[in-house]
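**Q** Following my numbering, the numbering of the sequence shown begins with 1 at its first residue and continues without gaps.
Each residue gets a CB set at the ideal place from its N, CA and C atoms; glycine is no exception.
On a predicted model such as this, the values are computed, not experimentally measured, just so you know.
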Amino acid sequence: SDHMENIYGYLMKYTNLVTGWQYRFFVLNNEAGLLEYFVNEQSRHLKPRGTLQLAGAVISPSDEDSHTFTVNAASGEQYKLRATDAKERQHWVSRLQICTQHHTEAIGKNNPPLKSRSFSLASQGSANSPGVQRRPSQNAVSFFSVGHHRLPTGKRVPIMQPDHLVDVREMMSQAEGQQRDLIRSIECLPVSGHLTSLDQDLLMLKATSMATMNCLNDCFHILQLQHASQQKGSLPAGTTISWLEPKISLANHFKNGAAQNFPAEINKPASVREEQSIAEPCQLTREPEEINPDEELEDICDDKEDDLGAVEEQRSVILHLLSQLKLGMDLTRVVLPTFILEKRSLLEMYADFMSHPDLFIAITNGTTPEERMIRFVEYYLTSFHEGRKGAIAKKPYNPIIGETFHCSWRMLKSDIATDAGGNFSAHPTSEQVTLSKDLEGQTELDYYTVKFVAEQVSHHPPVSGFYAECVERKMCVNAHVWTKSKFLGMSIGVTMVGEGLLSLLEHGEEYTFSLPCAYARSILTVPWVELGGKVNINCAKTGYSASINFHTKPFYGGKLHRVTGEVKQNTTNTVVCRVQGEWNSVLEFTYSNGETKYVDLTKLSVTRKRVRPLEKQGPFESRRLWQHVTESLRDGDIDKATEHKRALEERQRNEERLRAETETPWCTKYFLKEGDGWVYHKPLWKTVSAAQIQQTDTN
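Written as structure tokens, this is what we have:
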């Protein structure tokens with residue numbers, strides 16, 4: 001009884017991002033099972049500013065610090081509270097938990113289980129049907145099957161044997177079929193009238209019925225695993241547990257060369273989809289595949305991305321998402337709305353950073369270490385405009401583990417700059433279309449080829465590896481990037497953790513570099529993207545380094561997308577080149593000899609990459625993998641794109657869960673783990689060294 005006394009006092013309450021934390025006077029009314037708060041103690045005699053029913057609530061101490069805790073009511077309302085110290089938090093938490101338990105148990109005693117009852121969807125044709133006579137306040141759940149069965153008192157639940165699980169599977173399949181019929185019945189209702197398909201109760205019923213079936217499927221999966229583990233030791237090697245095998249002949253979900261009917265796949269029972277999605281990857285080889293550049297064709301896909309503009313139509317979606325986030329929260333596992341997606345994978349975005357292969361190849365043409373470092377900085381700064389598609393506030397698809405992307409570029413040798421001042425092409429962007437015609441009739445001796453491969457090597461954390469090489473010029477670049485995204489209030493920040501390595505084998509030089517952070521700003525009005533942070537480029541052999549700053553816009557004044565940097569010789573600390581401008585507009589390079597060069601990135605020629613046609617791509621290559629999502633986005637069908645995207649993400653989760661349960665490590669295809677990084681399995685510096693050794697032995 002001492003623990004059931006009323007307590008009161010000041011606590012800090014989190015209101016929203018704008019208001020933040022505020023002191024409020026709280027009262028725990030044990031008799032009524034209520035947590036009430038007032039502006040201050042003097043206003044305690046007035047009506048409470050807020051009240052939470054504690055019956056069925058969950059009281060959770062926060063792991064953020066030792067002062068914070070949350071009260072999650074059964075209604076869905078939440079109070080985030082903070083005490084002055086750990087001792088006071090424990091006092092409030094323990095009293096709230098005791099009160100919650102008391103009133104939750106009281107409700108259980110006063111409300112015995114419902115008797116079984118069943119209703120069917122009301123006929124829409126009769127004037128006397130419940131659908132026509134329904135009162136506005138009447139709960140829509142009463143129109144559909146509702147059942148509650150209680151086991152006879154004193155009887156113990158028997159332990160299920162495998163054959164019982166077969167029966168459970170059948171019942172689950174029937175329930176899933178009924179749930180799909182329910183969804184179809186709701187969606188077939190008219191859009192106007194007393195009972196419509198947009199009725200709030202019916203929309204809630206659709207969501208909760210789907211969530212219930214997902215929960216039941218998870219529970220059923222746990223039962224399967226428990227029985228599998230119990231029988232694992234007693235079964236002879238090679239024995240198959242029959243009730244774990246699919247009872248239906250399943251088609252390959254991602255079979256090569258055959259476009260499947262995706263909506264039909266989505267409408268299948270969840271258990272069938274799970275088995276179907278798991279079966280295919282086990283048949284795929286993880287052996288590296290040599291891509292023949294002659295099979296690649298110049299990319300004719302021209303998915304111009306429109307900016308998001310004002311997001312008024314999607315404001316409710318964004319506000320709902322923001323309500324679930326907190327400052328500094330890692331967004332790696334948060335599913336973002338489909339309407340913000342670009343029509344390309346993150347792996348292809350990394351490839352688009354190579355859209356100026358002439359500048360890339362020209363790096364090794366520099367006659368001195370100083371000139372080569374300056375050329376690399378010039379290439380590095382010009383890569384972001386095409387890679388990021390300007391400042392458009394859209395994000396690429398998150399690659400699934402094992403996803404790959406291949407492409408290449410061909411450049412006429414005559415187009416590659418050799419002189420120090422001729423790095424940048426003056427051709428307008430329209431000339432990129434005629435590039436393939438220029439290459440027609442040319443032999444391999446007339447052009448350079450740059451090959452590119454990227455792979456998603458890890459899911460949690462999300463790490464991508466990418467590699468590009470030009471064999472003719474004995475140069476390659478290897479990089480791994482871990483994208484860490486955080487919620488920053490009215491913006492989202494993405495940190496690109498990792499490192500790149502450019503190798504110029506003709507000169508025996510290696511250049512290490514990092515990538516800037518990216519920020520999506522003004523996510524509630526007109527979103528836009530900016531880059532920020534300091535990156536460094538270093539060449540240990542020559543002693544040259546570069547420091548580049550991507551400046552974020554100040555709160556008041558200042559320019560957008562500003563970048564500054566300098567190249568210097570570390571031994572003498574002499575600055576040999578300075579750069580300033582905007583990374584998506586015009587850059588100004590000033591050299592130590594007093595010369596200045598301006599580069600308009602919007603007019604810089606872009607070389608189209610060469611990609612294999614979809615029918616020749618493997619099932620885990622980016623464009624083949626995401627083709628249904630991309631097609632839906634092109635058609636403007638966001639709902640359909642969301643369904644296809646969800647199916648891919650669900651497949652990835654199921655495969656990850658299966659690997660964890662079977663303790664099967666993921667095997668990468670093209671990249672190997674070395675220390676904290678990932679390295680291409682056959683980098684040019686290894687193959688060239690091996691060829692040189694072999695040539696020496698021959699001589």
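#1: Based on DSSP bridge pairs, tell me the residues matched to S209.
#2: Leaving out five residues before and five after S414 in sequence, what residues of the same chain have Cβ atoms less than 6 Å from its Cβ?
#3: If you scan the stretch 531 to 582 from start to end, which runs of the beta strand (DSSP E) of 3 or more residues do you find wholly inside it?
#4: Can you tell me whether G76 is buried or exposed, with buried defined as 16 or more other CB within 10 angstroms of its CB?
#5: Between G56 and A74, how many whole angstroms is the CB-CB distance? I'm expecting something under 8 Å.
#6: With the cut-off set at 8 Å, would you say F384 and I537 are in Cβ contact?
#7: Can at least three beta-carbon pairs, one atom from the stretch 648 to 663 and one from the stretch 367 to 382, be found at a separation below 8 Å?
#8: Rounded to a whole number of angstroms, what is the C-alpha to C-alpha distance between D218 and H460?
#9: Taking C-alpha atoms, which residue in S605, G677 and T404 lies nearest to I416?
#10: For the alpha helix (DSSP H) holding V606, just list the boundary residues, first then last.
#11: To which residues of the same chain is S66 closer than 6 Å at the C-beta, ignoring the five residues directly before and after it?
#12: Starting from the C-beta of V168, find all residues in its chain whose C-beta is less than 7 Å away, skip the five residues before and the five after it, and write them out in chain order.
#13: Report the rounded CA-to-CA distance for H561 versus I107, giving the unit in angstroms.
#14: To which residues does DSSP link F384 through a beta bridge?
#15: What's the call for D299, buried or exposed, on a 16-neighbour Cβ count within 10 Å?
#16: Pick from S585, Y591 and V27: whose alpha carbon is nearest that of V579?
#17: Excluding five sequence neighbours on each side, which residues of the same chain lie with their C-beta closer than 8 Å to the C-beta of L648?
#18: Please list, in chain order, all residues of the same chain as T687 whose beta carbon is under 6 Å from its beta carbon, the five residues on each side excluded.
#19: G381 to V450, Cα distance in whole Å?
#20: What is the DSSP secondary structure of P357, counted as helix, strand or coil?
#21: Compute the Euclidean distance between the alpha carbons of P190 and D199, then round it to the nearest angstrom.
#22: For C407, list the residues DSSP reports as bridge partners.
#23: Look at the alpha carbon of L658 and the alpha carbon of P665, and state the distance between them as a whole number of angstroms.
#24: For P554, count the other beta carbons within 10 Å of its own beta carbon; 16 or more makes it buried, fewer makes it exposed. Which is it?
#25: May I ask you to list the residues that DSSP assigns as paired with A520?
#26: Give the single residue among S355, R623, Y598 and E170 whose Cα lies nearest to the Cα of G387.
#27: Where does P396 fall in DSSP's three states?
#28: Using CA coordinates, which residue listed in N72, V494 and V471 is at the minimum distance from S503?
#29: Could you give the distance in angstroms between the alpha-carbon of T208 and the alpha-carbon of P619?
#30: Tell me where the beta strand (DSSP E) around R24 begins and ends.
#31: For V481, write down the residues that DSSP places opposite it in a beta bridge.
#32: Just verifying my parser: in three-state terms, what is the DSSP assignment at T662?
#33: Could you check whether Y350 and A454 sit closer than 8 Å to each other, using their CB atoms as the reference points?
#34: Checking 8 Å against the spacing of the C-beta atoms, do F671 and G465 come in under that value?
#35: Hey, Y448 and I363: beta-carbon distance below 8 Å or not?
#36: On the CB-based measure, 16 or more other CB atoms within 10 Å of its CB, does S522 come out buried or exposed?
**A** Taking the geometry as given:
#1: To locate residue 209, count along the sequence shown from 1; it is residue 209. The partner list for S209 (beta bridge, DSSP) is empty, contrary to what the question assumes.
#2: Here residue 414 refers to the residue found at position 414 when the sequence shown is read from its first residue. Nothing meets the Cβ criterion.
#3: 544 to 551, 562 to 569 and 574 to 582
#4: In the sequence shown, residue 76 corresponds to position 76, counting from 1. Exposed.
#5: The sequence position of residue 56 within the sequence shown is 56, counting from 1. The sequence position of residue 74 within the sequence shown is 74, counting from 1. Sure, about 3 Å apart at Cβ, within 8 Å.
#6: Translated into positions along the sequence shown, residue 384 becomes position 384. Translated into positions along the sequence shown, residue 537 becomes position 537. No, the pair does not count as a contact, with Cβ atoms beyond the cut-off.
#7: no
#8: Translated into positions along the sequence shown, residue 218 becomes position 218. Translated into positions along the sequence shown, residue 460 becomes position 460. About 21 Å.
#9: Taking the sequence shown and counting its residues from 1, the one referred to as residue 416 is at position 416. With distances taken between Cα atoms, I416 lies closest to S605.
#10: If you number the sequence shown from 1, residue 606 lands on position 606. Where V606 is concerned, there is no enclosing alpha helix (DSSP H), given that its DSSP letter is neither H nor E.
#11: Residue mapping note: residue 66 aligns to position 66 of the sequence shown, counting from 1. Same-chain partners within the cutoff: A86.
#12: For the purposes of this step, residue 168 is taken as the residue at position 168 of the sequence shown. Excluding residues within five positions, the ones whose Cβ falls inside 7 Å are F220.
#13: Within the sequence shown, the letter at position 561 stands for residue 561. Within the sequence shown, the letter at position 107 stands for residue 107. Distance between H561 and I107, taken at the CA atoms: about 59 Å.
#14: For the purposes of this step, residue 384 is taken as the residue at position 384 of the sequence shown. Its beta-bridge partners do not exist; DSSP assigns none.
#15: Residue mapping note: residue 299 aligns to position 299 of the sequence shown, counting from 1. With fewer than 16 other Cβ atoms within 10 Å, it is exposed.
#16: For the purposes of this step, residue 579 is taken as residue 579 along the sequence shown, with counting starting at 1. When each option's Cα is compared against that of V579, the closest is Y591.
#17: Stepping through the sequence shown from its first residue, residue 648 is reached at position 648. The residues are I400, L625, W626 and V629.
#18: As a first step, residue 687 is located in the sequence shown; it is residue number 687 there, counting from the start. No residues qualify anywhere along the chain.
#19: Residue numbering aside, residue 381 sits at position 381 when the sequence shown is read from its first letter. Residue numbering aside, residue 450 sits at position 450 when the sequence shown is read from its first letter. Reading the sequence as shown, one finds Leu at residue 381 and not Gly. Spanning the two alpha carbons is a distance of roughly 19 Å.
#20: For this step, residue 357 is matched to residue 357 along the sequence shown. It is helical.
#21: In the sequence shown, counting from the first residue as 1, residue 190 sits at position 190. In the sequence shown, counting from the first residue as 1, residue 199 sits at position 199. Rounded to the nearest angstrom, the two C-alpha atoms are 10 Å apart.
#22: In the sequence shown, residue 407 corresponds to position 407, counting from 1. Looking at the DSSP assignment, C407 forms a beta bridge with F452.
#23: For the purposes of this step, residue 658 is identified with residue 658 of the sequence shown, where counting begins at 1. For the purposes of this step, residue 665 is identified with residue 665 of the sequence shown, where counting begins at 1. About 10 Å.
#24: Translated into the one-based positions of the sequence shown, residue 554 becomes position 554. Per the 10 Å Cβ criterion, exposed.
#25: Taking the sequence shown and counting its residues from 1, one reaches residue 520 at position 520. Answer is I492 and V529, bridged to A520.
#26: On the sequence shown, residue 387 is found 387 positions in, with the first residue counted as 1. Selected option, being the one with the closest Cα: S355.
#27: Here the question's residue 396 lines up with position 396 in the sequence shown. Here P396 sits in strand by DSSP.
#28: Within the sequence shown, residue 503 is the residue found at index 503, counting from 1. Nearest C-alpha to S503: V471.
#29: In the sequence shown, residue 208 corresponds to position 208, counting from 1. In the sequence shown, residue 619 corresponds to position 619, counting from 1. So the alpha carbons of these two residues sit roughly 34 Å apart.
#30: Within the sequence shown, numbered from 1, the residue matching residue 24 stands at position 24. W21 to N29 is the span of the beta strand (DSSP E), which, as asked, contains R24.
#31: For this step, residue 481 is matched to residue 481 along the sequence shown. S464 and G498.
#32: Within the sequence shown, residue 662 is the residue found at index 662, counting from 1. DSSP, read as helix, strand or coil, puts T662 in helix.
#33: Position 454 of the sequence shown holds residue 454. Position 350 of the sequence shown holds residue 350. Result yes, Cβ atoms of A454 and Y350 sit closer than 8 Å.
#34: Against the sequence shown, residue 671 aligns to sequence position 671. Against the sequence shown, residue 465 aligns to sequence position 465. A contact, by the Cβ cut-off of 8 Å.
#35: What you label residue 448 is simply residue 448 of the sequence shown in a count that begins at 1. What you label residue 363 is simply residue 363 of the sequence shown in a count that begins at 1. No.
#36: Here residue 522 corresponds to residue number 522 of the sequence shown, with the count starting at 1. It is exposed - the Cβ of S522 has fewer than 16 other Cβ atoms within 10 Å.
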